[in-house]
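Peer 1: Following this message is one structure expressed as structure tokens.
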Amino acid sequence: MAEQYDDVVRKGYTLLWYIQNFNVDADILLQRDKVITFFNPFGVHLLEKNSNWLLSITVYKNKDFLEFDLGRNESDDTPVDIELSLLSPEGSSLLTKQITSSSQSVFEFKEFAEKDDVFVKRKQEFLNNDTLTLRCRIWPAGKETDRSDLCVAQSELFQESECFFLTVENFSSLKAGEKRSFDIDSKFDILPPMEISLSLSDEGDDVRIEFFAESEEIELRTEEEKVTIVTYWKLSVIDTIGGVVDEKNWCMPIILESNATNEINDIIPLTEKSKLKAKKDIYLSEDTLILKCFLSIPNITKIVYDSHISEVLTEDVQQLTSQDTQDVQQSPTRTTKGVRRSRTGSSRKEKNSPSEEMTSLYEHLFLVDTNLVVEDTCIAVHKVVLRSRSSVFKDMLQNMSEDSCSNITLPDLDIVTARKLIKFMYTDIVEDLTPDNATHLYLVADKYKLLDLKNHCSEFLKNNFTLHNVCDVLIFSDKHGDDDLKISAQDYILSKGKEIIRLDVWQIFRESHQNLALEVMESMYLEDSEKNGLN
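The numbers in UniProt numbering rise by one with no breaks, and the one at position 96 of the sequence shown is 96.
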């Protein structure tokens, strides 16, 4: 459960930031020589005043700590109390630091968390499902506010990369001080126009790479704001059979500002002309030097914000992240004023029926706290959804230990069926149904006590009877005791009468399921008798 402290019911502003894949990408980032910073901009309303804030996380290779910085508009000097915490999946604080009664515009949390704790020793606590959960709370210092606001943000770290080749023809004719330039049209729209040049040193032997970029003015939230894009380059000299002759790696930060342009220049030594000419048959086929360029950007997806939550007490916010939530009534629901937890249930839809907000929850994966493991694939889901939609899943979760609740293995499902099952639990939608997979999904729904899904599959089968599949559906419904589906299949056969009994499928059905066939024939006889009696 969430921790107890004096400020638990104090009204103010709360930001919850969930960063997925933080562990995976941090492993990559920490191999770099430079600093990596990720930003989350957000707005705060305190004491009838709005201000823009920016929260950043910085990862250094050569430092033992993660560092956090929180900044706001310089024009806003309202004294505030700040609390920054890293949370467990249950919403309890693993690490908390506070700054009180400060009017400054930048709040620094240096040496906030040890990297070794976050990524190694306490990885299961800090990075459950490879997700870092950060909470920032802000209050007006020495004053009370009559509202509590919550913003939930979710983002995902990943690495984007591209590879391209440059060819320098007539390389032997390159003279000291001469430069061959190439315009780089990167696939990354955020990067400014760039240029890579190859040149010789004044001594005439050292082959160098010169990087140039001129960042353009961009529109940011504030004039003071800057955005730093850290690019990583690997440049290789390639021989005639694809082998690497020489290779250089370097990091190039590109700074974008609201009202300024910046020129970036860097010169990197690559190889020697004499070395290449000594084996020109291998290194300089037709006197052409081939350079392989690999560009990567550790990136963060566009931050997805759930609606602003107004008038929600902090204790309610904590329940949104609690693993002990037992009913869908306690899950986030969206109103015209924002996302809020239903208190009276008056706005709830019929029990066990997901709302539009559940669809949003499914699409954006806010607050996921467990995985369903199917065919070695982990599918992130919410325990509250599993519990509220399926009594079978509810029993499974209650019978599992806290440590094992991070993964639920379903050995009886294939991945396609599992995804259909999960999507239906959130959205009441099933896509790409066919008569074949509808019967399979029907059985899965029956096993996990998802009556709505079972009925959905049954209705689909009823609406998709054909002369060639109705006998199979009749056999299926009889085997699984679905009288309603069975009667519908029989009625369809009766409506087709002589048309169906002339088909081979009927003959096979009659021989393999004599009792069922007899039931149908008796119904046909009685129907004909009634018609004749009426005539």
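Each residue gets a CB set at the ideal place from its N, CA and C atoms; glycine is no exception.
(1) Is R387 helix, strand or coil when you go by DSSP?
(2) Taking 8 Å as the cut-off, does the region 129-139 touch the region 162-170 (at least 3 CB pairs, one atom from each stretch)?
(3) Among residues of its own chain, excluding the 5 on either side of E247, which ones have a beta-carbon nearer than 8 Å to its beta-carbon?
(4) On the premise that K279 lies in contact with S172, defined as a C-beta separation below 8 Å, what is that separation, rounded to the nearest angstrom?
(5) For the region 454-470 and the region 485-501, state whether three or more C-beta atom pairs, one from each stretch, are separated by less than 8 Å.
(6) When DSSP labels each residue in this structure, what does E90 get in the three-state scheme?
(7) Measuring straight from C-alpha to C-alpha, what distance separates D185 and E214?
(8) Under the three-state reduction of DSSP, which class applies to L95: helix, strand or coil?
(9) Which parts of the region 116-148 are runs of the beta strand (DSSP E), unbroken and 3 residues or longer, counting only runs that do not cross its ends?
(10) Starting from L15, trace the beta strand (DSSP E) both ways and give me its first and last residue.
(11) DSSP on K179, reduced to helix/strand/coil?
(12) Taking the alpha carbon of S477 as the point to measure from, which residue in L467, S296, H468, Q490 has its own alpha carbon closest?
(13) Measuring alpha carbon to alpha carbon, tell me which of D116, V245, Q20 ends up nearest N62.
(14) Grab me the residues of K49's own chain with a C-beta within less than 7 Å of its C-beta, minus the 5 sequence neighbours each way, in chain order.
(15) By Cβ distance, which residues of its chain are closer than 6 Å to M425, with the 5 residues on each side in sequence left out?
(16) What does the alpha-carbon distance come out to for the pair K449 and V392?
(17) Compare the C-alpha of P269 against each of I282, S512, D287, W250 and name the closest.
(18) What does the Cβ neighbour count give for D369, buried or exposed, with the cut at 16 atoms within 10 Å?
(19) Looking only at its chain, what residues have a beta carbon closer than 6 Å to the beta carbon of C163, apart from the 5 residues adjacent to it on each side?
(20) Would you kindly work out how many angstroms separate the C-alpha atoms of residue 541 and I229, rounded to a whole number?
(21) With respect to the beta strand (DSSP E) encompassing I429, which residues constitute its N-terminal and C-terminal limits?
(22) Does DSSP classify M521 as helix, strand or coil?
(23) Less than 7 Å between the C-beta atoms of T231 and S285, yes or no?
Peer 2: Once the coordinates are examined:
(1) helix
(2) no
(3) K234, L235, S236, V237
(4) Between K279 and S172 the Cβ distance is about 13 Å, and since that is not below 8 Å, they are no contact.
(5) yes
(6) coil
(7) 13 Å
(8) strand
(9) 132-140
(10) 13-20
(11) strand
(12) Q490
(13) D116
(14) T78
(15) V385, R389
(16) 6 Å
(17) W250
(18) buried
(19) F294
(20) Past the boundaries of the shown model lies residue 541; the chain is included only from 1 to 535, so the question cannot be answered.
(21) Segment: none, I429 is in no beta strand (DSSP E) and carries neither H nor E.
(22) helix
(23) no
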